[in-house]
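Reviewing the structure listed below.
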Amino acid sequence: MRHNAVRPLELHTFDPKPVVNTLISAFPGMVLSVEKVGVGLWSTAPESRAPSHGEFRIVDTDELSSEPTPRLNGFWPDGSIDAMVDILIEHPLPGAEWVRGEDGPWIVAFRQGVSKGWALERIRQRHNIPREATLAIGDGFNDLEMFSWAGYSVAMGNAVAPARARADEVTDEVANAGVALTLERWFDH
1 MRHNAVRPLE LHTFDPKPVV NTLISAFPGM VLSVEKVGVG LWSTAPESRA
51 PSHGEFRIVD TDELSSEPTP RLNGFWPDGS IDAMVDILIE HPLPGAEWVR
101 GEDGPWIVAF RQGVSKGWAL ERIRQRHNIP REATLAIGDG FNDLEMFSWA
151 GYSVAMGNAV APARARADEV TDEVANAGVA LTLERWFDH
């Protein structure tokens, strides 16, 4: 781990090998990548859609799936998101859950039972915060469970339709300081 890396409070990983095997069988040409916490991103091709903080390394699928990871990304450059979702429903990912990307044929897979809502509940309990005092702000498919968990949820104006529908409120877009507008109402100046 790099000496200046932020260290997670808890790390919940899964074995990516069965998931990698399922994905490469179901999605020919899929680009896969895994997060290496505190190091960077390992990918099977340079066109990975996943954000990389740190080292970016091209590896084969054996090396990619050689260690537990908190996150596995899949990008299917030759497919559509609708076809991808249909195939994933027919081919469950062993030991993992997934959420679709917002803008194209990509997914993020993670350990079963782990989500933003799950993590925030652990923090809430650790600090004895009443649920009604919690606020969640988001814009993607990976925010849906968090919105259900939160005492109050706010979707960004540029959020995907399911996030806007599930949220208690929709604020302005990210580019128009939607988060700041919401927080100004929640906290004294």
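For the sequence shown, the UniProt record's numbering gives the first residue as 1, with consecutive numbering after it. For every residue, glycine included, the Cβ atom is placed at its ideal position computed from N, Cα and C.
Between Asp168 and Met156, the beta carbon gap of about 13 Å keeps them out of contact (Cβ cut-off 8 Å). By the Cβ rule, the region 30-41 counts as touching the region 52-72, because three or more pairs are nearer than 8 Å. The three-state secondary structure of Trp76, taken from DSSP, is coil. Judged by DSSP in its simplified three-state form, Ile129 adopts coil rather than helix or strand. Taking Ser80 as reference, the option from Phe141, Trp149 and Met30 with the minimal CA-CA separation is Met30.
Within 10 angstroms of the beta-carbon of Trp186 lie fewer than 16 other beta-carbons, which makes it exposed.
The beta carbons of Arg126 and Thr134 sit no closer together than 9 Å.
Exclusion of the five residues before and after Val99 leaves Val108, Phe141 and Asn142 as the residues of its chain whose Cβ lies within less than 6 Å of its Cβ.
Across the structure, Pro77 and Pro105 are spaced so that their CA atoms are roughly 7 Å apart. Cα atoms of Leu32 and Pro16: separation of roughly 11 Å, rounded to the nearest angstrom.
The C-alpha of Ile87 lies about 14 Å from the C-alpha of Val19. One thing to note: Leu144 has its Cβ within 9 Å of the Cβ of Arg166.
Residue state for Glu169 is assigned as strand, using DSSP reduced to three classes. Phe56: member of the beta strand (DSSP E) spanning Glu55 to Ile58, first to last residue. Contact check for Ala45 and Ile58: beta-carbon distance about 7 Å, within the 8 Å limit, so the pair qualifies.
In terms of Cβ geometry, Ala136 and Met146 form a close pair [threshold 9 Å]. Nearest Cα to His12 within the set Glu47, Leu93, Ser153 and Ser115: Ser115. Thr69 sits in a strand when the DSSP states are folded into three classes.
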